[in-house]
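Asker:
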Amino acid sequence: MKMKKIAVLTSGGDSPGMNAAIRAVVRTGIFHNLEVFAVERGFAGLIEGQISPMNQVSVGGIMQRGGTVLKTSRSEKFKTKEGLDIALQKLRKFDIDGLVTIGGDGTLRGTRDLSALGLKTIGIPATIDNDLPKTDMAIGVDTALNTVIDAIDKIKDTASSHQRAFVVEVMGRNSGYLALMSGIAGGVEIVLIPEISYNLQEISIKLKEGYQRGKTHCIIVIAEGVGKTNEVSKYLEDKIGYETRITILGYLQRGGSPSAFDRLLASRLGAAAVEHLLKGETSKMVGLIGNKIEATDLEVVLNQQKTIKQNLYNLASVLAK
Ligand code: F6P
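Going by this note's numbering, the first residue of the sequence shown is number 142, and it counts up by one from there.
Here is the structure:
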């Protein structure tokens with residue numbers, strides 16, 4: 142049976158570019174003569190039946206805005222069989238036969254579970270953590286990286302002026318991607334990520350050598366997943382004698398107007414998601430692999446782990462002289 146009605150939702154942590162993806166889903170759907178509905182507040186809103194029709198105008202002027210105009214949530218109820226059944230009923234009430242979800246791994250898990258109940262679904266990766274396999278980049282990562290390097294540039298000014306050490310904590314949950322890439326692009330001295338072990342004594346020798354060569358600042362980027370921000374700072378201060386300050390970048394990394402890269406990625410993924418639904422596909426995630434948009438089974442995505450490339454970690458260390 143030909144698909145006639147689809148819905149779109151954003152779920153989990155927001156990330157810059159989600160609005161461009163919503164816009165692409167709505168406009169591509171309408172282009173293909175589909176009726177497109179929006180679900181507010183992610184899976185929580187779906188359970189509560191917060192579903193309304195969209196048109197081309199409803200997504201006008203949203204692409205440059207951070208966050209998600211559809212709002213988002215992290216729903217515990219949706220993880221239960223009862224929650225999933227209610228969600229499905231709400232969609233069926235509107236005769237919606239396809240759903241596009243935009244979010245991170247929790248969102249994709251929920252999407253897979255809904256497909257198992259017979260709904261046609263496609264997921265779009267959006268998370269600043271960049272922890273999803275089968276896509277080189279998730280929506281929001283590039284903007285978050287730009288935000289982090291802007292912060293590092295600014296902190297460097299104070300670090301140099303005061304000859305202080307700075308420990309900058311970067312988001313990413315269990316992933317060190319954002320920390321590693323911002324460390325390379327921000328030209329920092331040390332990057333600490335959960336995927337690769339480190340030795341504080343070796344780090345202190347490296348930092349001392351840097352100062353002896355005439356370095357005026359020292360920045361350590363630490364991924365939140367390492368969970369040792371205070372400990373590292375204390376080590377630098379007590380054991381090595383640096384005057385040290387901590388900056389936790391926090392939620393400012395999730396906001397802001399999306400970069401051109403994120404807008405383009407979101408536009409391509411949003412359009413592709415609708416096209417895959419129209420081809421009758423389900424339980425897949427669309428992603429950027431090389432420079433192509435490809436769809437991968439959610440089961441594959443959810444059972445693999447994205448790895449950090451050791452050569453990039455080595456590069457960070459070689460360049461930080
Ligand atoms: O997944 C995005 C993210 O910002 C992580 O980097 C962070 O660990 C987490 O979400 C914070 O979650 P919450 O928005 O629930 O505080």
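Built from N, CA and C at the ideal position, the CB exists for glycine as well.
1) Would you identify the three-state DSSP class for E422, choosing helix, strand or coil?
2) So for M386, helix, strand or coil by DSSP?
3) Quick one: what does DSSP say G239 is sitting in, helix, strand or coil?
4) Does the Cβ-Cβ distance between A148 and L255 come in under 8 Å?
5) Decide yes or no for the touch test of the stretch 331 to 342 against the stretch 366 to 373: beta carbon pairs closer than 8 Å, at least 3 of them.
6) Could you tell me the alpha carbon to alpha carbon distance between G428 and I263, rounded to whole angstroms?
7) With I325 and L460 assumed to form a contact (beta carbons below 8 Å), what rounded beta-carbon distance in angstroms separates them?
8) State the Cα-Cα distance for the pair E223 and L229, rounded to the nearest angstrom.
9) Is it the case that the CB of R395 approaches a heavy atom of the ligand F6P more closely than 7 Å?
10) Could you tell me how far apart the beta carbons of G158 and L406 are, in whole angstroms, since I believe they sit closer than 8 Å?
11) At a threshold of 7 Å, does E217 count as lining the ligand F6P (C-beta to nearest heavy atom)?
12) Quick one: using the 10 Å Cβ neighbour count with 16 as the cut-off for buried, is G245 buried or exposed?
13) May I ask whether a heavy atom of the ligand F6P can be found less than 7 Å away from the beta carbon of D270?
14) Is DSSP giving L260 helix, strand or coil here?
15) Does at least one heavy atom of the ligand F6P sit under 7 Å from the Cβ of E365?
16) Regarding R314 and the ligand F6P, is the C-beta to nearest heavy atom distance less than 7 Å?
17) First and last residue of the beta strand (DSSP E) that includes S193?
18) Just checking, does the stretch 302 to 314 make contact with the stretch 380 to 390 on the three C-beta pairs under 8 Å criterion?
19) Taking the beta strand (DSSP E) that A364 belongs to, which residues open and close that run?
20) Do you know how far the Cα of I203 is from the Cα of V210?
21) Give the DSSP-derived three-state secondary structure of L211 in the structure shown.
22) I'd like to confirm something about G368: is its beta-carbon nearer than 7 Å to some heavy atom of the ligand F6P, or not?
23) Report back the beta-carbon spacing between L175 and V442 to the nearest angstrom; my notes put them in contact at under 8 Å.
24) Using a threshold of 8 Å, state whether the C-beta atoms of A231 and L258 are closer than that.
25) State yes or no: is the C-beta of G244 nearer than 7 Å to some heavy atom of the ligand F6P?
Answerer: Looking at the atomic coordinates:
1) coil
2) In the sequence under discussion, the amino acid at residue 386 is Arg, which differs from the Met named in the question. Residue state, collapsed to three classes: strand.
3) strand
4) no
5) yes
6) 11 Å
7) 7 Å
8) 10 Å
9) yes
10) 7 Å
11) no
12) buried
13) yes
14) coil
15) yes
16) yes
17) 192 to 194
18) yes
19) 359 to 364
20) 8 Å
21) coil
22) no
23) So it is not a contact: roughly 25 Å between Cβ atoms.
24) The residue you asked about is not Ala; residue 231 is Lys in the sequence shown. Cβ atoms of K231 and L258: not closer than 8 Å.
25) no
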